[in-house]
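Contents: one structure, followed by commentary.
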Amino acid sequence: MKTAIIYASKTGTTKKVAEALAEKIKGEVKLLPIANVKPGCLLRYDFVIIAGSIHYGRIQSEIKSFVNKNRATFRGILYGLYIMCMFEDECEEYMKKSFGEDIVENAMIRACFGGEVNPNEGNFVTKKLIKANLKKFEEEGKEPPSIRWERVDEFADEINNRINK
Ligand SMILES: Cc1cc2nc3c(=O)[nH]c(=O)nc-3n(C[C@H](O)[C@H](O)[C@H](O)COP(=O)(O)O)c2cc1C
Numbered sequence: 056m057k058t059a060i061i062y063a064s065k066t067g068t069t070k071k072v073a074e075a076l077a078e079k080i081k082g083e084v085k086l087l088p089i090a091n092v093k094p095g096c097l098l099r100y101d102f103v104i105i106a107g108s109i110h111y112g113r114i115q116s117e118i119k120s121f122v123n124k125n126r127a128t129f130r131g132i133l134y135g136l137y138i139m140c141m142f143e144d145e146c147e148e149y150m151k152k153s154f155g156e157d158i159v160e161n162a163m164i165r166a167c168f169g170g171e172v173n174p175n176e177g178n179f180v181t182k183k184l185i186k187a188n189l190k191k192f193e194e195e196g197k198e199p200p201s202i203r204w205e206r207v208d209e210f211a212d213e214i215n216n217r218i219n220k
């Protein structure tokens with residue numbers, strides 16, 4: 056059983072989850088940053104996971120265009136999707152906007168694993184934005200964004216149970 060995790064990650068969160076999944080999913084798991092993905096590679100695996108993170112409402116353009124270019128191939132393969140984002144209520148919308156409705160609906164599994172934000176990272180504007188959002192979470196009595204590791208475990212378990220017995 057061969058699985059590929061094709062991902063893009065701006066500050067490392069999506070990558071961290073991809074690495075954890077590679078440990079948890081049985082069989083051979085190849086981690087492929089989107090920049091290293093070659094045309095036709097989707098057909099070399101029994102299962103493919105596509106992953107990216109949301110910044111200013113959008114997934115990485117490389118992920119979006121990769122999915123668009125390979126739309127026809129996705130119809131004939133088994134795949135899963137996950138995204139990282141801090142506004143988890145928006146997850147379904149982000150999914151549809153990032154991958155398109157058909158790709159989301161035909162996925163064997165899909166998930167949002169939350170996100171991580173560092174108020175000391177990035178330029179002045181980014182830091183200000185992150186701090187403002189963290190303050191909003193606090194004012195609304197919500198937990199600050201974090202990786203939902205329990206969902207990562209469930210995601211891997213489901214893949215192992217369904218296709219990787
Ligand atoms: C500048 C910036 C903009 C962001 N914009 C959004 C957003 O529009 N919606 C959202 O849900 N999360 C947003 N996030 C949160 C990221 O999705 C989260 O930090 C995620 O863990 C990043 O994953 P990565 O490290 O793999 O890039 C933003 C984070 C940063 C730093």
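Take the position in the sequence shown, starting the count at 1, then add 55; the result is the number in the working numbering. In this text, a Cβ means the ideal position worked out from N, Cα and C, and glycines have one as well. Please read these numbers as outputs of a predicted model, since none were measured by experiment.
Can you give me the Cβ contacts of residue 117 inside the same chain, cut-off strictly under 6 Å, excluding the 5 residues immediately before and after it?
Only 63, 89 meet the Cβ criterion.
According to the Cβ coordinates, are residue 139 and residue 170 closer than 7 Å?
Yes, they are a contact pair.
Quick check: residue 211 and residue 79, are their CB atoms within less than 7 Å of each other?
Yes. Within cutoff.
Along the chain, where does the alpha helix (DSSP H) containing residue 108 start, and where does it finish?
Careful: residue 108 lies outside any alpha helix (DSSP H), inside the beta strand (DSSP E) at 102–108.
Looking at the unbroken alpha helix (DSSP H) that takes in residue 150, where does it start and where does it end?
Run containing residue 150: 146–154, per the alpha helix (DSSP H) assignment.
Tell me where the beta strand (DSSP E) around residue 84 begins and ends.
83–88 is the extent of the beta strand (DSSP E) around residue 84.
Could you give the C-beta distance for residue 214 and residue 142, rounded to a whole number, given that I count them as a contact under 8 Å?
With 8 Å as the limit, residue 214 and residue 142 do not qualify as a contact, their Cβ atoms being about 26 Å apart.
Beta-carbon within less than 8 Å of residue 110's beta-carbon, same chain only, minus the 5 sequence neighbours each way: which residues are those?
Here the set comprises 65.
State the Cα-Cα distance for the pair residue 191 and residue 96, rounded to the nearest angstrom.
Taking the straight line from one Cα to the other gives about 42 Å.
How should residue 173 be labelled, buried or exposed, when 16 other C-beta atoms within 10 angstroms of its C-beta is the threshold for buried?
Exposed, by the Cβ-count rule.
Verify the contact flag: residue 109, CB atom, against every heavy atom of ligand 1, threshold strictly below 6 Å.
It does: the Cβ of residue 109 is within 6 Å (strictly closer) of some heavy atom of ligand 1.
What does residue 167 pair with, by DSSP beta-bridge criteria?
According to DSSP, which records beta bridges pairwise, residue 167 is partnered with 138.
Alpha carbon to alpha carbon, how far is residue 168 from residue 206? Give it in angstroms, no decimals.
If you take the alpha carbons of residue 206 and residue 168, they lie about 6 Å apart.
Using only the alpha-carbon positions, how far apart do residue 201 and residue 154 sit?
Taking the straight line joining both Cα atoms gives about 23 Å.
Mind checking which residues open and close the alpha helix (DSSP H) that includes residue 61?
It is not in any alpha helix (DSSP H) - residue 61 instead sits in the beta strand (DSSP E) that spans 57–62.
How many whole angstroms separate the CB atoms of residue 104 and residue 61, which I take to be in contact at a CB cut-off of 8 Å?
About 7 Å; that satisfies the 8 Å criterion.
With distance defined between alpha-carbon atoms, name the residue in 72, 86, 56 nearest to residue 137.
Of the listed residues, the one whose Cα sits closest to residue 137 is 72.
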